[in-house]
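Take the sequence shown: its letter number 32 is residue 33 in the working numbering, and every next letter is one higher. Built from N, CA and C at the ideal position, the CB exists for glycine as well. None of these values were measured; they are calculated from a predicted model. Notes to accompany the following structure.
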Amino acid sequence: MVAIVGAFAEMLRLPLGEYDIAHLAYEIERKDLAMAGGRQDQYAATFGGVNFMEFMADDKVIVNPLRIKQQYLFELENNLVLYYTSTSRESAKIIEKQSENVVQKKGKSIEAMHQLKHQAQMMKEALLKGRVHEIGEILDFGFQQKRQMAEGISNPLIDEIYELAKKSGATGGKISGAGGGGFMTFYCPDNTKYAVIENLNKFGGYVKSYLFVDHGMTSWTI
């Protein structure tokens, strides 16, 4: 959706900045199309790079670019394994369940969300100070909290994959998006990623290659 908005903005010469494009993409997905979810994806795709994003009341969003030394990013990129579980899920239903838990003021779910906010602060500090070796433990902390937010975020298969990855050398990881399937990411220090990858192959999924990029949505005219 960000790319579509960006293409129209370029074609029609619309005076839209990064915040405008991200917000418009969010409005189309979440309100016009009624697709449940947050708004971090639209801002991440629009701005690119590594950011600390703050979401406040009344649709106020502040994107803070982080100046992280390249050597820290190289180490992080080298130690991360992106694994596709070969299972899919309807993320909207899981997200709706999370929202329902908040509306019903379920203490366990709300406390888990507060802890995930704390995790973002922990991750920010670790990256800025070059304490990359702490990333796995921070991811593990967040994964344990996320599982408390709603049913369906994890399941026996995801738990088995996660535990085997840790036994193989990963120090932590996360389920991407709403959970329930899709992609998982693991932090594997000291070249443990090769053992992790080998052992994860038994589940029928596969590791995807990727690269960090420092740019977000980009459009141009020829």
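| Based on the DSSP output, what are the partners of N65 in its beta bridges? | By 1-based counting over the sequence shown, the position of residue 65 is 64. Beta-bridge pairing links N65 to F53.
| said: Could you pull the DSSP bridge partners for K209 from this structure? | reply: Within the sequence shown, residue 209 is the residue found at index 208, counting from 1. Per DSSP, the beta-bridge partners of K209 are L83.
| task | Rank P16, S155, L25 by C-alpha distance to the C-alpha of V3 and give the top, closest one. | result | The residue you call residue 3 lines up with position 2 of the sequence shown. For the set P16, S155, L25, the Cα lying nearest the Cα of V3 is the one of L25.
| query | Smallest Cα separation from A121: which of F142, A58, R14? | reply | In the sequence shown, the residue the question calls residue 121 occupies position 120. Measuring from the Cα of A121, the nearest candidate turns out to be F142.
| request: Pick helix, strand or coil for T186, following the three-state DSSP scheme. | output: Position 185 of the sequence shown holds residue 186. Of the three classes helix, strand and coil, the one that applies to T186 here is strand, per DSSP.
| query | Nearest-angstrom Cα distance between M76 and M185? | reply | The sequence position of residue 76 within the sequence shown is 75, counting from 1. The sequence position of residue 185 within the sequence shown is 184, counting from 1. Here the sequence assigns Glu to residue 76, which means Met is not the residue at that position. About 19 Å.
| request: Classify N80 as buried or exposed, calling it buried when 16 or more other Cβ atoms lie within 10 Å of its own Cβ. | output: Residue mapping note: residue 80 aligns to position 79 of the sequence shown, counting from 1. By the 10 Å Cβ count, N80 comes out buried.
| query | Quick one: is K175 buried, meaning 16 or more other Cβ sit within 10 Å of its Cβ, or exposed? | reply | As a working mapping, residue 175 is identified with position 174 in the sequence shown. Under this definition K175 is a buried residue.
| task | Would you check if there are 3 or more beta carbon pairs closer than 8 Å linking the stretch 28-48 to the stretch 198-212? | result | no
| Once you ignore the five residues that flank Q146 on each side, which residues in its own chain have a CB closer than 6 Å to its CB? | Counting from one through the sequence shown, the residue named residue 146 turns up at place 145. For Q146, where only same-chain residues beyond five positions count, the Cβ hits under 6 Å are A113, Q116, L117.
| task | Using three-state DSSP, classify I29 as helix, strand or coil. | result | Residue numbering aside, residue 29 sits at position 28 when the sequence shown is read from its first letter. Reduced to three states, the DSSP call for I29 is helix.
| query | CA-CA distance, I22 and I223? | reply | Here residue 22 is taken as the residue at index 21 of the sequence shown, counted from 1. Here residue 223 is taken as the residue at index 222 of the sequence shown, counted from 1. Using only the alpha carbons, I get a separation of about 21 Å.
| task | Going by DSSP, name the residue or residues bridged to G174. | result | Within the sequence shown, the letter at position 173 stands for residue 174. Residue pairing of G174 in beta bridges, as defined by DSSP: F187.
| said: Restricting to Cα atoms, I'd like to know which of F48, Y44, I69 is closest to F56. | reply: Position 55 of the sequence shown, counted from the first residue, corresponds to residue 56. Considering only alpha carbons, the answer is Y44.
| task | Within the same chain, show all residues whose beta-carbon is closer than 8 Å to that of V62, passing over the 5 residues directly before and after it, in chain order. | result | In the sequence shown, residue 62 corresponds to position 61, counting from 1. Here the set comprises Y20, A23, H24, R40, Y44, M54, E55, F56.
| query | Taking C-alpha atoms, which residue in Y73, I159, G18, D33 lies nearest to L201? | reply | As a first step, residue 201 is located in the sequence shown; it is residue number 200 there, counting from the start. When only C-alpha atoms are compared, the closest one is I159.
| message | Let me confirm a value: T219 is counted as buried when at least 16 other C-beta atoms fall within 10 Å, else exposed. Which label applies? | response | In the sequence shown, residue 219 corresponds to position 218, counting from 1. Exposed: under 16 other Cβ atoms inside 10 Å.
| request: Mark A171 as exposed unless 16 or more other C-beta atoms lie within 10 angstroms of its C-beta, in which case mark it buried. | output: As a working mapping, residue 171 is identified with position 170 in the sequence shown. By the neighbour-count rule (16 or more Cβ atoms within 10 Å), A171 is buried.
| Among G182, G183, K168, D215, which one has its Cα closest to the Cα of T193? | Position 192 of the sequence shown, counting from 1, holds the residue named residue 193. Considering only alpha carbons, the answer is K168.
| So is M12 buried or exposed if we call it buried at 16+ other beta carbons inside 10 Å? | Locating residue 12 in the sequence shown gives position 11, where the first residue counts as 1. By the beta-carbon neighbour count (other beta carbons within 10 angstroms, threshold 16), M12 is exposed.
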